[in-house]
Structure formats: structure tokens, C-alpha cells
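**Q** Quick note, our numbering runs 43 ahead of the 1-based positions in the sequence shown.
We put the beta carbon where it would ideally sit given N, CA and C, even for glycine.
Owing to the predicted nature of the structure, the values given are computational and were not obtained by experimental measurement.
Could you have a look at this structure, given as C-alpha cells, before my questions?
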Amino acid sequence: MANDGLVVGLDIGTTSIRAVIGERTEKGTIEITGVGISPSSGLRKGVVVNIEATLQSVAAAIEAAEMMSGREVHACWTGIGGNHVDGVNSRGVVAVTGRSRDEKENREIGPEDIVRVLEVARAMVFPMDRQILEVIPQTYIVDKQPGIRNPLNMIARGLEAEVHIITCSANSAQNLIKCVNRAGFRVNDLILQTLAAGRAVLTEEEKELGVALVDLGGGTTDVMVCCQGAPYSTLSVPLGGAEITQDISIVKNISFENAERAKIDARCCIAELLENDDDIIIEGLGGRPPLPIPKSQIAVIVRPRLAEIFRMVKDKLDALPLSRPLGGGIVLTGGGAEFLGAVELAAQIFKMPVRIGNPLSMGGLQERYNSPLFATAIGLVLEGNIREDVKTPDRGPDTKVREKKGQVSFFGKIWEWLKKEFF
Numbered sequence: 044m045a046n047d048g049l050v051v052g053l054d055i056g057t058t059s060i061r062a063v064i065g066e067r068t069e070k071g072t073i074e075i076t077g078v079g080i081s082p083s084s085g086l087r088k089g090v091v092v093n094i095e096a097t098l099q100s101v102a103a104a105i106e107a108a109e110m111m112s113g114r115e116v117h118a119c120w121t122g123i124g125g126n127h128v129d130g131v132n133s134r135g136v137v138a139v140t141g142r143s144r145d146e147k148e149n150r151e152i153g154p155e156d157i158v159r160v161l162e163v164a165r166a167m168v169f170p171m172d173r174q175i176l177e178v179i180p181q182t183y184i185v186d187k188q189p190g191i192r193n194p195l196n197m198i199a200r201g202l203e204a205e206v207h208i209i210t211c212s213a214n215s216a217q218n219l220i221k222c223v224n225r226a227g228f229r230v231n232d233l234i235l236q237t238l239a240a241g242r243a244v245l246t247e248e249e250k251e252l253g254v255a256l257v258d259l260g261g262g263t264t265d266v267m268v269c270c271q272g273a274p275y276s277t278l279s280v281p282l283g284g285a286e287i288t289q290d291i292s293i294v295k296n297i298s299f300e301n302a303e304r305a306k307i308d309a310r311c312c313i314a315e316l317l318e319n320d321d322d323i324i325i326e327g328l329g330g331r332p333p334l335p336i337p338k339s340q341i342a343v344i345v346r347p348r349l350a351e352i353f354r355m356v357k358d359k360l361d362a363l364p365l366s367r368p369l370g371g372g373i374v375l376t377g378g379g380a381e382f383l384g385a386v387e388l389a390a391q392i393f394k395m396p397v398r399i400g401n402p403l404s405m406g407g408l409q410e411r412y413n414s415p416l417f418a419t420a421i422g423l424v425l426e427g428n429i430r431e432d433v434k435t436p437d438r439g440p441d442t443k444v445r446e447k448k449g450q451v452s453f454f455g456k457i458w459e460w461l462k463k464e465f466f
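See below:
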């Protein structure tokens, strides 16, 4: 059963799961009418390790969003990320076979030529345990002329395409789909989390100048680099908010749950920026009295680990063969972006402009989602709305073999992209 007028984004994270319900208005825009969040305990580093726990969290998040919106959800656009996601750039070359009155003349580039060159560009050999998640065109070269954004209807003999191919673990993707299916919902498609977050927080100018979106998640920190308006690199570091919480737990000798609450209550990584150094009261164990911990002490613990994450990201960015500096700087999103001082700390390490990536205002329950925590979920709604016109196959166990070969939905995605860009 279809979601009549609904576009639902499901962000399955390591520490929490967020569901956002968007409704299409008569003006053709999307209005957010439901937001749900649930603790997540079935994932580690973005990978499902407990299907039962994950499906219960998925159901709880979507049910909370349903209660708020008063609508029933049947399908959703689901985000995927983590250490198992990887990106590689590729190039394809074809001869133009479009319309021409004379076989000896140059020919007009048609949609079928663009589909062919993108198919050639994606024809790389990947291990059997990998599946292609996205094939994103970056730029075209028409008769050796680079930098062409829209080659449709141009006269040429040869067409080249540079693309960014994103792959993921086939088993991880199938386990994610299985969790959502068993929770009672259908997965319209899997969408890279940083790609969705970029849709919600990045400007076209930033993507053109070059920008790195840094999604500070609970299990991993995922990064997408955009240059000249398109994704250039997809990478990840295996550290996130969970390591920060673990540091607090060890240093203060408190439980992981209490450490997580202390981290959220303090929400700071530079103690000098705190206006009031209030105490956080931690419940005592075994009848012991409550333990007061100043917020400044939590900030002192948070800072070195967050700085380590930023340095790891910087090392990966420095290793990229970029043709020009990232003029758009760094955009922080995810839960870690909410730390007071995160922008200042990142600016010190990256030596470039840094800002917080809050999602675009889409009307409706703005106060509920105006936070970098919801950047991915809002982006999934935006990206899902764009893809709604192209019907993708139901994502279930029967698609596993085709997905491993990267065949599912490829042509649908290409036609969807062609229509969005050129028509």
C-alpha cells in the first residue's frame, strides 16, 4: 500500500533512530507533520548486530511520528552509512549514436547516450560482498571539451562521463532492509546518509566551491566531499559519540548510560565557553549518594576525543588529490555538531571556515527538527520526494542476488536523475 501524499525518512543510527513524516501540500512543497525518535541499541558502527532490537527501535520511532502526524506509514526512504560504505571515482567513454541525417556527421547527444555512458562508467568489478548504492554523475566531457554539466542535445562524436560510485556491504544493506520489513514497513530505497544530509544542509554555492560535510554520528563519523557541484569522495572514520561517552564513563567511573546523559546535559567541548558551570547530578549506585559533576569537567573529557576525530578526518581530506582547496569549508552535522565549541575546535584543526549544518526550513513542526540531529532524516524526505516519480522495486529478500551485482534500480535512478537535471 502506498503512502498517499506522504514522504517518510528513516535515519537508523548507532545511538538513536529518527523518523520524519513529510506531507505534500497543494503547492507541491513538503511540510513536516511528524517527528519520532527512539534509542537504538541494535547497531554497532552503523552495522546491524541485533535485528530484534533494531526492528523494535524502528517501530517505536515511526509510531511516535505517526502519533504526531495522525497518519499511517507503510513505506519509507531509509538511510545507510557507516564504515562499510566506500566511494570511488570512475570514467566512461562512448561514441554518440543519437539522431543525425548523415551517418558521417557528428550526432546529437540523446538521453540514451547519457544512460549508456553512465552504464559504462559504473562497469567496475567489485567483490561479491559489495553492492552499488549510488552512481552519481559529476561532469561530462564532449569531444575532449571538459566541464560540461548538461550534454543533452549537444552535437558531438564522443561522450565521456566522470561519476562517483558509492558501494556498501551487501549483507549490511540486506540486514537493514530486513529490520525495517520485519517492523512492518517497506523500504522504498536505501540512500546514503551523508548524501541525504547534504541535500538538507549544503548550499549550491558551497558544493560548487568545494565543501566537506562531516556527520558526527554515534558510531562513526561519515564524510562527503563535494567539488564543482557534485560528490567527489565518500569516507568514514571509525570513531563517534559512543567513544566520547565511553571516555566519560571511564574517567568519572560511572555507567555508560549515566555518562551519555552527562554528555548530553553538558553539551560542551570547550570549558571556557560555558556561561554557567552548573553541576550535573548523577544518580548513585547501590544506595550511594548522588554524584555532582561540573559541566566543565565533562567538557575537558570531551575535547581531546572530539579533536582526535577532527584530526582523523583532516588526515583523510589532506590525502585527497583535490585540484583546489575547499572554498566552502567544513559543515558539521549530526549529534556531535551540537557541542558548544565544536565549530571553534574544528576551525582550529581544519584551518578553514566551519559552520553548523541545520536542515532547511520546510514548514510544519520546525521547532522539532531544527537541529543538526535531524539533518539526515530531513534530507531523506527531500531526496525521497525527488525520487518519488520513479517507482523502485520493493526491497525484500528476493532482491538480494541482483543487489549484490548492483543491478537493482540503476536505470530507474538514471532516468530519475536525467529528468531532474535536464527536463
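Quick check on DSSP: helix, strand or coil for Val-356?
**A** Against the sequence shown, residue 356 aligns to sequence position 313. Reduced to three states, the DSSP call for Val-356 is helix.
**Q** Since Val-131 and Ile-234 are thought to touch, with beta carbons under 8 Å apart, how far apart are those beta carbons, to the nearest angstrom?
**A** Here residue 131 corresponds to residue number 88 of the sequence shown, with the count starting at 1. Here residue 234 corresponds to residue number 191 of the sequence shown, with the count starting at 1. With a Cβ gap of about 18 Å, Val-131 and Ile-234 do not count as contacting.
**Q** Let me make sure I understand the geometry here. Which of Phe-299, Asp-156, Val-356 has the alpha-carbon closest to that of Gly-201?
**A** Within the sequence shown, numbered from 1, the residue matching residue 201 stands at position 158. Among Phe-299, Asp-156, Val-356, the Cα nearest to that of Gly-201 is on Asp-156.
**Q** Assuming the contact rule is C-beta atoms closer than 8 Å, Phe-417 and Val-116 should be a hit. Round their C-beta distance to whole Å, please.
**A** As a working note, residue 417 is residue 374 in the sequence shown. As a working note, residue 116 is residue 73 in the sequence shown. Not confirmed; about 17 Å, so no contact.
**Q** Between Ala-314 and the rest of its own chain, which residues show a CB-CB distance below 7 Å, the 5 nearest in sequence each way excluded?
**A** Working through the sequence shown from its first residue, we reach residue 314 at position 271. Same-chain partners within the cutoff: Ser-339, Ala-342, Val-343.
**Q** In angstroms, rounded to a whole number, what distance separates the CA positions of Leu-53 and Lys-187?
**A** As a working mapping, residue 53 is identified with position 10 in the sequence shown. As a working mapping, residue 187 is identified with position 144 in the sequence shown. One C-alpha to the other measures close to 42 Å.
**Q** Identify, in the order they occur along the chain, each residue of the same chain with its Cβ nearer than 7 Å to the Cβ of Ala-104, setting aside the five sequence neighbours on each side.
**A** Reading the sequence shown from its first residue, position 61 is the one you call residue 104. Result list for Ala-104: Ile-60, Arg-61, Ala-62, Gly-79, Ile-80, Ser-81, in chain order.
**Q** Please name the residue or residues paired with Leu-383 in a DSSP beta bridge.
**A** For the purposes of this step, residue 383 is taken as residue 340 along the sequence shown, with counting starting at 1. Cys-311.
**Q** So is Ala-138 buried or exposed if we call it buried at 16+ other beta carbons inside 10 Å?
**A** For this step, residue 138 is matched to residue 95 along the sequence shown. Ala-138 comes out exposed.
**Q** What residue range does the beta strand (DSSP E) around Asn-296 cover?
**A** On the sequence shown, position 253 is the one that residue 296 refers to. No beta strand (DSSP E) holds Asn-296; DSSP gives it neither H nor E.
**Q** When burial is assigned at 16 or more other CB atoms within 10 Å of the CB, is Asp-441 buried or exposed?
**A** Taking the sequence shown and counting its residues from 1, the one referred to as residue 441 is at position 398. Because Asp-441 sits at a pLDDT of 42, beneath the cut-off of 50, its placement in the model cannot be relied upon, and the point is left open.
**Q** Report, in whole angstroms, the separation of the C-beta atoms of Gly-283 and Gly-260, which I expect to be a contact under 8 Å.
**A** By 1-based counting over the sequence shown, the position of residue 283 is 240. By 1-based counting over the sequence shown, the position of residue 260 is 217. About 5 Å; that satisfies the 8 Å criterion.
**Q** For Ile-496, which residues in the same chain have their Cβ closer than 6 Å to its Cβ, ignoring the five residues on either side in sequence?
**A** Outside the shown range of the chain (44 to 466) lies residue 496, about which nothing can therefore be said.
**Q** Could you name each continuous beta strand (DSSP E) segment of 3 residues or more that falls completely within the stretch 74–144, going from the start of the chain to the end?
**A** For the stretch 74–144, whole beta strand (DSSP E) runs of length 3 or above, ordered along the chain, are 118–123, 129–138.
**Q** Compute the beta-carbon to beta-carbon distance between Ala-204 and Arg-114, rounded to the nearest angstrom, for a pair I have assumed lies under 8 Å.
**A** As a first step, residue 204 is located in the sequence shown; it is residue number 161 there, counting from the start. As a first step, residue 114 is located in the sequence shown; it is residue number 71 there, counting from the start. About 40 Å separates the two Cβ atoms, so there is no contact after all.
**Q** Would you tell me roughly how many angstroms separate the C-alpha atoms of Thr-76 and Ile-191, rounded to the nearest one?
**A** As a working note, residue 76 is residue 33 in the sequence shown. As a working note, residue 191 is residue 148 in the sequence shown. If you take the alpha carbons of Thr-76 and Ile-191, they lie about 40 Å apart.
**Q** Would you kindly check if the distance between the Cβ of Ala-273 and the Cβ of Leu-256 is under 9 Å?
**A** The count along the sequence shown starts at 1 and reaches residue 256 at position 213. The count along the sequence shown starts at 1 and reaches residue 273 at position 230. Against a cut-off of 9 Å, the Cβ pair of Ala-273 and Leu-256 comes out as no contact.
**Q** For the alpha helix (DSSP H) holding Ser-215, just list the boundary residues, first then last.
**A** As a first step, residue 215 is located in the sequence shown; it is residue number 172 there, counting from the start. It spans 213–225 - the alpha helix (DSSP H) in which Ser-215 sits, taken as one unbroken run.
**Q** Between Val-206 and Ala-166, which are expected to be in contact by the criterion C-beta below 8 Å, what is the C-beta distance as a whole number of angstroms?
**A** Translated into positions along the sequence shown, residue 206 becomes position 163. Translated into positions along the sequence shown, residue 166 becomes position 123. Not a contact, Cβ separation roughly 11 Å.
**Q** Who are the near neighbours of Leu-98 in its chain, counting only those whose CB is closer than 6 Å to its CB and skipping five residues on each side?
**A** Here residue 98 is taken as the residue at index 55 of the sequence shown, counted from 1. For Leu-98, where only same-chain residues beyond five positions count, the Cβ hits under 6 Å are Cys-222, Arg-225, Ala-226.
**Q** Taking only three categories from DSSP, how would you classify Glu-431?
**A** Along the sequence shown, one-based indexing puts residue 431 at 388. Glu-431 falls in the coil class under three-state DSSP.
**Q** Tell me the DSSP bridge mates of Met-267?
**A** The residue given as residue 267 occupies position 224 in the sequence shown. Leu-256, Thr-277, per the DSSP bridge assignment.
**Q** Are Tyr-412 and Pro-396 closer than 9 Å when you measure CB to CB?
**A** The residue labelled residue 412 in the question sits at position 369 within the sequence shown. The residue labelled residue 396 in the question sits at position 353 within the sequence shown. Against a cut-off of 9 Å, the Cβ pair of Pro-396 and Tyr-412 comes out as no contact.
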